[in-house]
Amino acid sequence: MSTTNDRAARIPPTASGTKHGATRPAGPGLLFAGVVAGNFLVLLDTSILNVALPDVREDLGAPAAALPWAVDAYTVVFAGLLLVAGVVSDRFGPRRVYRTALVAFGAISLLSALAPDVGTLIAGRALLGVAAAGLVPASLALLARLHPDPKERMRAVGSWAALSSVGLIAGPVLGGLLVDQGGWRLVFLVNPPIALLALLAARRLSGERPESAARPDRAGMLLSVLALGTLAYGLIAAGTDGWGRPLPLAALGVAAVALLLLALAERRAEAPALPPALTGLPRVRADLVAGGMASFLFYGLLFALTQWLVDERGLSPLRTGLAFLPMTLPMCFMPYFTGRIVARWGARPVLYAGLGLDAAAGTALAFCSQDSPFALITVAQVLLAFGSTLAIPGATADMAAAAPARYAATGQGALNACRQAGAALGVAVLGTQATLHASGVTLAVGAVLSLALVAAARPKPA
122 MSTTNDRAAR
132 IPPTASGTKH
142 GATRPAGPGL
152 LFAGVVAGNF
162 LVLLDTSILN
172 VALPDVREDL
182 GAPAAALPWA
192 VDAYTVVFAG
202 LLLVAGVVSD
212 RFGPRRVYRT
222 ALVAFGAISL
232 LSALAPDVGT
242 LIAGRALLGV
252 AAAGLVPASL
262 ALLARLHPDP
272 KERMRAVGSW
282 AALSSVGLIA
292 GPVLGGLLVD
302 QGGWRLVFLV
312 NPPIALLALL
322 AARRLSGERP
332 ESAARPDRAG
342 MLLSVLALGT
352 LAYGLIAAGT
362 DGWGRPLPLA
372 ALGVAAVALL
382 LLALAERRAE
392 APALPPALTG
402 LPRVRADLVA
412 GGMASFLFYG
422 LLFALTQWLV
432 DERGLSPLRT
442 GLAFLPMTLP
452 MCFMPYFTGR
462 IVARWGARPV
472 LYAGLGLDAA
482 AGTALAFCSQ
492 DSPFALITVA
502 QVLLAFGSTL
512 AIPGATADMA
522 AAAPARYAAT
532 GQGALNACRQ
542 AGAALGVAVL
552 GTQATLHASG
562 VTLAVGAVLS
572 LALVAAARPK
582 PA
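Going by the numbering used here, the final residue of the sequence shown carries number 583, and the count climbs one at a time with no gaps.
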């Protein structure tokens, strides 16, 4: 599921060669490829490590409670910084931020491949989340400059999302192949060559930036990362060690306080990442929950199912990656159709259908046991894949109608942040559940509750 921040699309197009960074003309196809490659890397690293986790556990002697953090350290930091990454891109220029993030992504990947223990690996994944947050809004800002015409820009954004989504599809298969060939460290070594090619392809992008830009909402950034990180830690620790221990409860308490302080800080910020005037709208809140829940279900099951296929079914990493094709392959072609479906039927029916399919996927998994036929699991994968590829575009389109015009880009940025937060919490919750039956019940209940919330937040009649 591609990550977008339409806030960047409002940046006016500029000619190549400016006082902030003169560039020479380059082929539009090459420049477009350079922009797509950044988001491809972001999505590749959301899924490629999952099938390598059993090998990480064996090689580094990692405890079970540490494995979710090898995934979540990336998404927690990414989600927290995504809220303000667009402002940083505006302030320092999207080309500078994009190129710096590419260099950082490649270098940090090399260091992660050399990690001597799981703690170092988790730290490397967190730093990769910082680089990923820099890539997404900057790439969309650059894409907007490449396509000044609004209609061409929308088509380009659709192609950008669909092509970069190949990273999500390729992640489990490529990860499984690399682990089979040489172990989990190869999973990180695939990133530097891609980052280098993207850097070369994007070297002639326009370097102009606005003369003035709002200051980053530092308090919002820090508090959002703190809240999401402590919430994920509390859920993981409680799921692995039990709810009776004081440390998980203390972490959840810190998360609650951080969320309260975040709400207070956003009321005082000059350029709040989450304006109260936006989040106070019931329909906006419902879209944020729906988008977050769709990612919660998809990425949570991706993590939980990986462990089940390896530990319970004894599949090799490559066979595990191939087993995810029913779940990831629809991500390749569905973006081309969902826009037309939304245009024909409207955002909310599509959102209802997506969450309904997610609930059906959870129901199917709720009947699974260790000896269940793989066909039943495949059905659940397909239902969840189509549900997610309908629910997220549905929430995105509904957010465009629900958010006031002055907060249109901010609303999309908040939705993307909620999606990443949902992915992190999905791994935290489903990754600590012992059976697919329990995961299925969680999926079904979460989808039904989100569906009820969206239905309750009906748009007011004109």
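All C-beta atoms, glycine included, are put in the ideal place defined by N, C-alpha and C.
- Item | Expected contact under 8 Å - CB spacing of alanine 523 and arginine 404 to nearest Å | Contact flag correct, Cβ pair sits at about 4 Å.
- Can you tell me which of the three DSSP states valine 311 falls into? If DSSP states are grouped into helix, strand and coil, valine 311 belongs with coil.
- Query: Closest to aspartate 519 by CA distance: which of Ser490, Val431 and Arg469 is it?
  - Reply: Closest by alpha carbon: Arg469.
- Query: Does the beta-carbon distance from leucine 436 to glycine 292 come in below 8 Å?
  - Reply: Contact: no.
- Query: Rounded to whole angstroms, how far is the Cβ of serine 168 from the Cβ of leucine 423, which I believe are closer than 8 Å?
  - Reply: The Cβ separation is near 6 Å, so the contact holds.
- Item | Three-state secondary structure (DSSP) of alanine 147 | With a pLDDT of 47 at alanine 147, under the threshold of 50, the predicted position of this residue should be treated as unreliable, though the coordinate-derived value follows. In this structure, alanine 147 counts as coil in the three-state DSSP scheme.
- Can you list, in chain order, the residues of its chain whose CB lies under 6 Å from that of alanine 415, leaving out five sequence neighbours each side? Around alanine 415: Ser509, Ala512 and Ile513.
- Item | Closest residue to leucine 352 among Leu181, Arg339 and Gly374 (Cα-Cα distance) | The residue with the shortest Cα to Cα distance from leucine 352 is Gly374.
- Message: Let me check understanding here. Comparing Cα to Cα, which of Phe199, Phe417 and Ala183 lies closest to alanine 247?
- Response: Nearest of Phe199, Phe417 and Ala183 to alanine 247, Cα basis: Phe199.
- Taking 7 Å as the line, does the beta carbon of alanine 390 fall inside it for any heavy atom of the ligand MG? The ligand MG is not part of this structure, which contains no ligands at all.
- Which stretch, first to last residue, makes up the alpha helix (DSSP H) that contains serine 509? Looking at the DSSP string, the run of the alpha helix (DSSP H) that includes serine 509 is 495-523.
- Query: Is leucine 256 closer than 8 Å to tyrosine 195 when the C-beta atoms are compared?
  - Reply: For tyrosine 195 and leucine 256, no; Cβs fall outside 8 Å.
- Task: For alanine 545, I'd like the list of residues in its chain whose CB is within less than 7 Å of its CB, leaving aside the five on either flank, ordered along the chain.
- Result: Excluding residues within five positions, the ones whose Cβ falls inside 7 Å are Asp193, Thr196, Val197, Ala200, Leu349 and Ala353.
- Where do the N-terminal and C-terminal ends of the alpha helix (DSSP H) with valine 172 fall, by residue? Looking at the DSSP string, valine 172 is not in any alpha helix (DSSP H), and its letter there is neither H nor E.
- Between the C-alpha atoms of isoleucine 498 and leucine 443, what's the straight-line distance to the nearest angstrom? Their Cα atoms are separated by approximately 14 Å.
- Query: Per DSSP, what kind of secondary structure is glutamine 533 in: helix, strand or coil?
  - Reply: The answer is helix: DSSP assigns glutamine 533 an H, G or I state.
- Residue range of the alpha helix (DSSP H) that aspartate 432 falls in? From DSSP, the alpha helix (DSSP H) with aspartate 432 extends over 403-432.
- Task: Enumerate in chain order the residues of its own chain whose CB-to-CB distance from leucine 368 is below 7 Å, with the five nearest sequence positions on each side excluded.
- Result: Excluding residues within five positions, the ones whose Cβ falls inside 7 Å are Ala358.
- Query: DSSP state of serine 280, grouped into three classes?
  - Reply: The three-state reading of DSSP puts serine 280 in helix, counting H, G and I together.
- Task: List the whole-angstrom C-beta distance separating alanine 516 from leucine 450, where the pair is believed to meet the contact cut-off of C-beta under 8 Å.
- Result: Not confirmed; about 22 Å, so no contact.
- Message: Can you give me the C-alpha to C-alpha distance between leucine 263 and glycine 567, rounded to a whole angstrom?
- Response: One C-alpha to the other measures close to 36 Å.
- Message: I'd like the span of the alpha helix (DSSP H) that includes threonine 449, first residue to last.
- Response: 446-449 is the span of the alpha helix (DSSP H), which, as asked, contains threonine 449.
- Own chain residues within Cβ distance below 7 Å of alanine 143, not counting five before or after: With a pLDDT of 39 at alanine 143, under the threshold of 50, the modelled position of that residue is not reliable, and no figure is offered here.
- Message: Give me the residue from Gly303, Gly421 and Leu382 with the minimum Cα distance to asparagine 171.
- Response: Residue nearest to asparagine 171 within the set Gly303, Gly421 and Leu382 is Gly421 (criterion: CA-CA distance).
- Item | Through-space distance from alanine 390 to leucine 310, alpha-carbon basis | Looking at the backbone, the Cα of leucine 310 and that of alanine 390 are separated by about 40 Å.
- Message: Just verifying my parser: in three-state terms, what is the DSSP assignment at histidine 558?
- Response: The DSSP-derived three-state label of histidine 558 is helix.
- Output yes or no for whether 8 Å exceeds the beta carbon distance between valine 308 and alanine 183. No, the Cβ-Cβ distance between valine 308 and alanine 183 is not below 8 Å.
- Item | Simplified DSSP state of glycine 142, which is helix, strand or coil | Its pLDDT being 41, under 50, glycine 142 is placed unreliably in this model, and the coordinates cannot settle the point.
- Status (buried if at least 16 other CB within 10 Å, exposed otherwise) for phenylalanine 488: Burial call: exposed.
- Query: When we look at the beta-carbon of phenylalanine 495 and count the other beta-carbons within 10 Å, is it buried (16 or more) or exposed?
  - Reply: Phenylalanine 495 sits exposed, since fewer than 16 C-beta atoms from the chains shown fall within 10 Å of its C-beta.
- Item | For asparagine 312 and glycine 227, the rounded distance between their alpha carbons | Taking the straight line joining both Cα atoms gives about 6 Å.
- Could you check if glutamate 387 is buried or exposed, using at least 16 other CB atoms within 10 Å of its CB as the buried criterion? Counting Cβ neighbours within 10 Å, glutamate 387 comes out buried, since at least 16 surround it.
- Secondary structure of leucine 326, DSSP reduced to three states: Of the three classes helix, strand and coil, the one that applies to leucine 326 here is coil, per DSSP.
- Message: Using 8 Å for Cβ pairs, my map puts glycine 534 next to glycine 207. What's the rounded Cβ distance?
- Response: Here glycine 534 really is in contact with glycine 207; their C-beta atoms are around 6 Å apart, less than 8 Å.
- Extent of the continuous alpha helix (DSSP H) to which glutamine 302 belongs: From DSSP, the alpha helix (DSSP H) with glutamine 302 extends over 287-303.
- Query: Using DSSP with H/G/I as helix, E/B as strand and the rest coil, what is glutamate 387?
  - Reply: Three-state DSSP puts glutamate 387 in a helix.
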